[in-house]
Structure formats: C-alpha cells, structure tokens
Amino acid sequence: MSQMLLAPRRYIQGDGAVAEIGLHAARLGTRALLVSGRRALAACGGPIEAALAGSGLSCHRELFGGECCESEIARLVCVAQQNGIDLVIAAGGGKVIDTGKVVAHRLKLPVIVLPTVAATDAPCSALSVIYAETGVFERYQLLPHNPDCVLVDTRIIANAPVETLVSGMGDALATFWEADTCARSCRPNVLTGAKAPLRSALALARLCYDTLLEHGLAAKLAVANRCVTPAVEAIVEANTLLSGLGFESGGLAGAHAIHNGLTVLKSSHDRLHGQKVAFGTLVQLVMEGRPAEQFQQVLEFCRSVGLPVCLDDLGIHAPTRDDIRAVAEAATAPGETIHATWFDVTAATVEDAIWTANALALNDRSQRVSR
Numbered sequence: 193m194s195q196m197l198l199a200p201r202r203y204i205q206g207d208g209a210v211a212e213i214g215l216h217a218a219r220l221g222t223r224a225l226l227v228s229g230r231r232a233l234a235a236c237g238g239p240i241e242a243a244l245a246g247s248g249l250s251c252h253r254e255l256f257g258g259e260c261c262e263s264e265i266a267r268l269v270c271v272a273q274q275n276g277i278d279l280v281i282a283a284g285g286g287k288v289i290d291t292g293k294v295v296a297h298r299l300k301l302p303v304i305v306l307p308t309v310a311a312t313d314a315p316c317s318a319l320s321v322i323y324a325e326t327g328v329f330e331r332y333q334l335l336p337h338n339p340d341c342v343l344v345d346t347r348i349i350a351n352a353p354v355e356t357l358v359s360g361m362g363d364a365l366a367t368f369w370e371a372d373t374c375a376r377s378c379r380p381n382v383l384t385g386a387k388a389p390l391r392s393a394l395a396l397a398r399l400c401y402d403t404l405l406e407h408g409l410a411a412k413l414a415v416a417n418r419c420v421t422p423a424v425e426a427i428v429e430a431n432t433l434l435s436g437l438g439f440e441s442g443g444l445a446g447a448h449a450i451h452n453g454l455t456v457l458k459s460s461h462d463r464l465h466g467q468k469v470a471f472g473t474l475v476q477l478v479m480e481g482r483p484a485e486q487f488q489q490v491l492e493f494c495r496s497v498g499l500p501v502c503l504d505d506l507g508i509h510a511p512t513r514d515d516i517r518a519v520a521e522a523a524t525a526p527g528e529t530i531h532a533t534w535f536d537v538t539a540a541t542v543e544d545a546i547w548t549a550n551a552l553a554l555n556d557r558s559q560r561v562s563r
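Written out as structure tokens, the structure is:
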C-alpha cells in the first residue's frame, strides 16, 4: 500500500497574521460564514470582518453551539444554505474548527481555519472528532481533503488562557510516540490507510517532540505574561503544524484511544482534550513496555508545564475498578486507534496500564515531596 503525507493547502503563522485573512479568503469565495464562539469573536471577530471587507468579501457571523455534534453541524449547514455562503471560516478552538470543517465538506465549500488557541492539532487535519450532545466521543469523521488555509495569529494565541497552550502541548506530546508505534507495527493507519509512515512524517513527529522539550516551559511562561517570543512561535508551530501533519500522516495509536475512553467518565468532561491525551501518552508508554527513562522524560515534561500525570489531576477522584474498566473497554472498541499497536491490545491490557501509570506518577510525586 502507498505511503502518504497530508497537509493544508496554505499555512500562515505570525504576530498580527489575522490582518492577512482577506488576501487568502479572496482566492476562495465572496460571502463567508464565520463560525465562532463568543470569546473567539471578541478576540478576532472585528479584525476578521474588517480584513474581509477590505478584500471585497461579505461576512455572516454565527455563534457556535458548543459541541461538535450532528445537530450543530446540521444547523450550521442550514444557516449557510439560507445565506448564500460560498466560504466557511472557523475561528476558535478544536471543536469549533472540527465543526467548521465538516460543514464545509457537506456543502462542498472551501474552509479557512483560524485557531484562537493553540490547544489541539485540529486546525491542519482532514479529520473531525464527532461527539454526542452530552460530550461523549462518538467517532472520527474522515474528510476528503485538508483545510484550504490555516491562519494562526500568535498574538491572539498569546492573549488566550495559558492553559490552552499547555493543553496543545499535551496533544502534541502524543504525536511522536503514536507515530513511532505505527512505524513499528506497520498496521493500517485508520486515518490514511497507509501501512507505514513516510520518513518525512516521522521526522516531523520527532521535531514536534524535540520542540516541546526545548521550548515548552519558556513558551508557557511567555504566554502567561501575554508575550510573543521565539519560544512561543516554536510551540505554536509544534502544537498546530508539526503535530497536525505528524499525527495525520504518522498515525494515531494508544494515547488518543485512551483519551476517547476517558470521555465515558463525566468527571473528565471539564478537562481539555490535550490534558487527557497527555495522560493517555503515559498510559501508552506503560502499556507498550517502553524503557523507564522514556516514561520518566515524558512525566517530567508534563510536570514542568503543568499537564496532568494521574487520574486525580484529571478530576477523576477515587475511581472504582468498574470506572477504569469502562474506560478501557471504550478505548479498545473495534476500530479504535489503539489497535495500531504492534501487539494485540485488550481491555484488560489497558486497564492494567492505566492503574500502573497512575501509580508510577503518584509514586514519583511522593518521592519529590519527601526530598
């Protein structure tokens, strides 16, 4: 089977880049549907509309309903049809972006993605994560092509809550480890169908990981002070572009499946996507029997930037055996990405790995306190 590398048609990043959206939108349409949440509209709605008007485009604003689910997608499709829309612009976080991509796909329209947080690697991918209205993971929606344009204004990112940047690091953290698993197993990538990542995909995934280790803490501290620095630019690129290309062309494995499993516990719903993926990465490393120093490196990185390392950090307090068994069963459902692992994974395998990763993190924490 052929190998492949997937990417958006254009990627633009920089301080003040939102002012350029009209130039790129004018290539794609004349009447835009701007889908965004209230906070994202406050952050960039005015500049987007001004830039579009300056390039001769009209714009219809529509508030996002809050969940990337079938009912919200259908509602926005109707809004677009009623207003003669020929271009979709999705501005906000991962769920807004995923919704906008599906809406554009169903209407056969181009889409521009403008993330207002660097919290996930959703912006660059030809994939949307569909949830139930209750927030429980339902399925991956594979799309025929990547976004036509991804535009990232790092000043907007730096003004967003620092927790969103850290969550993006948690999502990006899984990229290398999952791609490495897919390369070892040569099992079909559920996203592309390819049996092994290209060397370029693996190189991007590795660069993503190395960038996190080198610049993660400095970027977090800069954004905590609403500053744009070279470290912030590097981490935004890692969270958005490197992780986006790396996960889609490299493949998903255990970490994201465990994230999906965690969504069956209502107590985890107020945690961000990347926070759950970070813990899922630790679980994946335990499950795969990776060397202790690799687990420790990931654990220490998570601690340094403030990512969750145990169940309690995720708001899952005093879970029962039944709770974790339910997570494990959801993570190993047929078609889940955990089956890209180079050995057969069962719910019992995942359950044991969750408890063990949790215990290792708690043990490490207690040792630090006692020093």
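Residue numbers (the numbering used here): 193 to 563. Backbone N, C-alpha and C fix where the C-beta goes; we use that ideal spot for every residue, glycine too.
- If the five residues before and after Arg418 are omitted, its C-beta is found closer than 8 Å to the C-beta atoms of Ala350, Asn351, all from its own chain and listed in chain order.
- For the beta strand (DSSP E) assignment, the segment 466-520 encloses no uninterrupted run of at least 3 residues.
- Counting C-beta pairs with one atom in each stretch, the segment 260-278 and the segment 334-348 have fewer than three that are closer than 8 Å, which means they do not touch.
- Rounded to the nearest whole angstrom, the CA to CA distance from Ser317 to Ala296 is 14 Å.
- Ranked by how close their Cα comes to the Cα of Asp462, the residues Cys494, Ser359, Asp544 have Ser359 in first place.
- Lys387 and Asp278 have their C-alpha atoms spaced approximately 36 Å apart.
- For Ala371, the closest C-alpha among the options Thr529, Val321, Arg253, Cys260 is that of Thr529.
- Beta-bridge pairing by DSSP links His252 to Leu225.
- Separation of Asp505 and Leu215 (C-alpha to C-alpha, rounded to the nearest whole angstrom) is 43 Å.
- For Pro422, the enclosing alpha helix (DSSP H) starts and ends at 422-429.
- Taking a cut-off of 8 Å for Cβ pairs, the segment 507-518 and the segment 488-499 do not touch, as fewer than three such pairs fall below it.
- Only residues of its own chain outside the window of five on either side were considered, and among them Glu264 have a CB closer than 6 Å to the CB of Gly257, listed in chain order.
- Counting along the chain, the unbroken alpha helix (DSSP H) around Ile265 starts and ends at 262-274.
- With fewer than 16 other CB atoms across the displayed protein chains lying within 10 angstroms of its CB, Ala245 is exposed.
- Shown here, Arg557 sits in a helix according to DSSP, grouped into three states.
- Here DSSP, grouped into helix, strand and coil, assigns Ser320 to strand.
- Annotation for Gly362: the continuous alpha helix (DSSP H) segment containing it runs 354-377.
- Around the beta carbon of Asn555, fewer than 16 other beta carbons sit within 10 angstroms, so the residue counts as exposed.
- Residue burial is scored here from C-beta neighbours: Asp363 has at least 16 other C-beta atoms within 10 angstroms and is therefore classed as buried.
- Every beta strand (DSSP E) of 3 residues or more that sits fully in the segment 272-346 is shown, in chain order, as 279-284, 303-307, 319-323, 329-334, 341-345.
- C-alpha of Thr222 to C-alpha of Ser247: approximately 9 Å in a straight line.
- Residue pairing of Gln205 in beta bridges, as defined by DSSP: Val344.
- Cβ neighbours of Thr356 within its own chain (closer than 6 Å, five residues either side excluded): Val309, Ala311.
- Counting only the Cα atoms, Ala470 lies some 15 Å from Ala430.
- For Arg202, same chain residues with a beta-carbon under 6 Å away, outside a window of 5 residues either side, are Cys341 in chain order.
- Distance from the CA atom of Val456 to the CA atom of Arg219, rounded to whole angstroms, is 42 Å.
- In the three-state reduction of the DSSP assignment, Asn452 falls in the helix class.
- Remark: C-beta atoms of Thr541 and Ala366 do not approach each other more closely than 9 Å.
- For the pair Leu444 and Ile450, the Cα-to-Cα distance works out to about 11 Å.
- Remark: C-beta atoms of Val210 and Pro239 approach each other more closely than 9 Å.
- Taking the Cα positions, Arg253 is about 44 Å away from Asn550.
- Contact check for Gly446 against Pro389 fails: the beta carbons are separated by 9 Å or more.
- Excluding the 5 residues flanking it on each side, Phe487 has same chain C-beta neighbours closer than 6 Å at Leu477, in chain order.
- The Cβ neighbour count for Gly385, taken over all protein chains shown within 10 Å, is under 16; the residue is labelled exposed.
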